[in-house]
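Here is the structure we will look at.
Residue numbers (our numbering), protein chains in the order written: chain A, 7 to 276; chain B, 18 to 168.
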């Protein structure tokens with residue numbers, strides 16, 4: 007590991023000002039992507055700004071028809087929260103499917119979505135529920151937030167403070183795991199809230215998380231796995247690697263979307 | 018590991034203009050993603066420093082870029098190789114062809130890239146996407162650079 011200066015601000019204002027002053031600084035929000043990279047010397051930020059002591063960044067609360075999760079809330083806390091389990095069971099379940107226990111006890115929702123790893127689970131949840139990402143400067147719709155592989159709409163000195171999820175009527179996530187990394191080879195999140203249907207896919211696209219509008223249209227007629235019978239998406243723009251070809255991933259998107267809809271309406275997966 | 022990428026861009030400029038820009042170090046420097054410096058070392062060679070940033074990974078590569086198979090104004094091959102210290106090495110080449118089409122120029126490319134060392138081992142699930150993004154960014158930047166509205 008290269009030497010670096012470790013900052014541990016207590017307020018959001020201090021964190022933001024440190025970040026604005028040090029262009030090369032990185033925020034530490036769990037560190038399960040950043041620290042392994044630094045240990046391998048594949049990154050050497052001169053400054054790390056740890057957010058774990060910043061007041062008010064962690065917590066889960068429901069107000070009216072939305073569930074709000076603080077950026078520094080750990081995956082395990084979302085997974086085991088009675089409030090989250092009651093409001094959006096699919097979301098609490100996803101948090102329990104991320105990585106391994108070490109990742110779930112350190113990793114945070116804010117860290118995951120700021121990194122926007124193209125195989126990560128949370129970006130699919132945010133996009134699949136139409137979440138709003140709230141920063142120290144503004145509110146950003148999930149549809150505008152994820153701008154491509156590892157890139158987001160965040161500005162250099164911007165810090166995510168919380169994520170607000172509208173509570174859906176039905177929702178579910180299906181993930182085809184890479185057995186070694188536990189990342190999603192393909193993951194599909196579906197939700198229905200009033201007339202709004204969302205289908206978001208992670209792991210498959212070479213440019214990160216995306217929505218499948220053709221599936222959404224089909225599900226608008228009837229929210230049932232039957233509506234997606236025989237449907238798939240083009241292999242163009244899908245990832246291809248030793249774990250699976252682009253065609254295989256495109257095929258999985260259809261299979262997992264049908265299973266997710268089945269789970270969302272309480273039927274056993276086909 | 019090795020990979021091949023192809024693509025094409027329709028550019029709103031004459032074949033000669035596109036060719037000139039493809040040979041202009043200032044334009045190349047502005048188009049190579051993360052390029053910090055590109056200094057001419059010979060008629061067809063450059064010394065380059067570029068920082069590659071993919072998610073949490075940030076590695077500085079030092080190396081050289083050379084032009085070969087020059088066939089003005091129809092195309093050439095641009096190759097580069099760099100050492101990223103512990104991160105590993107990257108090398109690759111793009112065969113670029115220019116054909117006049119619809120009052121502009123059709124640029125088509127075939128990129129072959131090889132990445133080795135730690136970066137390749139760890140980044141396996143990301144290397145394809147990342148390489149494609151770098152190639153896409155380069156040609157998208159270049160398409161911008163030859164559009165009449167930009168200087």
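All C-beta atoms in this analysis are idealised placements derived from N, C-alpha and C, irrespective of residue type, glycine included.
How many angstroms separate the CA atom of residue i from the CA atom of residue j?
i, j, result
"residue 160 of chain A", "residue 225 of chain A", "32 angstroms"
"residue 168 of chain B", "residue 38 of chain B", "The predicted position of residue 168 of chain B is uncertain, since its pLDDT is 48 and thus under 50; a value taken from the coordinates is nonetheless stated next. Rounded to whole angstroms, residue 168 of chain B to residue 38 of chain B spans 12 angstroms at the Cα level."
"residue 246 of chain A", "residue 126 of chain A", "16 angstroms"
"residue 56 of chain A", "residue 72 of chain B", "18 angstroms"
"residue 44 of chain B", "residue 113 of chain B", "15 angstroms"
"residue 68 of chain A", "residue 89 of chain A", "7 angstroms"
"residue 190 of chain A", "residue 220 of chain A", "22 angstroms"
"residue 37 of chain A", "residue 117 of chain A", "8 angstroms"
"residue 231 of chain A", "residue 139 of chain A", "30 angstroms"
Report buried or exposed for residue i, applying the criterion of at least 16 other Cβ atoms within 10 angstroms of its Cβ.
i, result
"residue 12 of chain A", "exposed"
"residue 8 of chain A", "exposed"
"residue 103 of chain B", "exposed"
"residue 180 of chain A", "buried"
"residue 86 of chain B", "exposed"
"residue 32 of chain B", "buried"
"residue 19 of chain A", "exposed"
"residue 64 of chain B", "exposed"
"residue 228 of chain A", "exposed"
"residue 17 of chain A", "exposed"
Please report the residue range of the alpha helix (DSSP H) in which residue i lies.
i, result
"residue 219 of chain A", "219-227"
"residue 108 of chain A", "107-112"
Helix, strand or coil: how does DSSP classify residue i here?
i, result
"residue 246 of chain A", "coil"
"residue 185 of chain A", "coil"
"residue 179 of chain A", "strand"
"residue 16 of chain A", "coil"
"residue 172 of chain A", "strand"
"residue 81 of chain B", "strand"
"residue 159 of chain B", "helix"
"residue 164 of chain B", "coil"
"residue 267 of chain A", "helix"
"residue 152 of chain A", "strand"
"residue 254 of chain A", "helix"
"residue 273 of chain A", "coil"
Just reading off the beta strand (DSSP E) that residue i is part of, what are its end residues?
i, result
"residue 204 of chain A", "202-208"
"residue 58 of chain B", "Taken as a continuous stretch (DSSP letters only), residue 58 of chain B belongs to no beta strand (DSSP E), as it is neither H nor E."
"residue 45 of chain A", "Where residue 45 of chain A is concerned, there is no enclosing beta strand (DSSP E), although the alpha helix (DSSP H) it sits in stretches over 40-45."
Please confirm whether any heavy atom of the ligand GTP lies closer than 7 angstroms to the CB of residue i.
i, result
"residue 127 of chain A", "Among the components of this structure there are no ligands whatsoever, and the ligand GTP is therefore not found."
Contacting positions in the segment 117-149 of chain B - beta carbon closer than 9 angstroms to chain A:
135, 136, 139, 140, 141, 142, 143, 144, 145, 146, 147, 149
Scan the segment 64-93 of chain B for residues whose Cβ lies nearer than 8 angstroms to a Cβ of chain A and list them as they occur along the chain.
71, 72, 73, 74, 75, 76
Members of the segment 233-260 of chain A near chain B, C-beta cut-off 8 angstroms:
245, 246, 247, 248, 249
Beta carbons nearer than 8 angstroms to chain B: which residues of the segment 150-174 of chain A have them?
154, 155, 156
Residues within the segment 114-145 of chain A neighbouring chain B, beta-carbon criterion of under 7 angstroms:
121, 123, 124, 125
If the cut-off is 7 angstroms on Cβ atoms, which residues from the segment 29-47 of chain A count as contacting chain B, listed in chain order?
39, 40, 43, 46, 47
If the cut-off is 7 angstroms on Cβ atoms, which residues from the segment 40-53 of chain B count as contacting chain A, listed in chain order?
none
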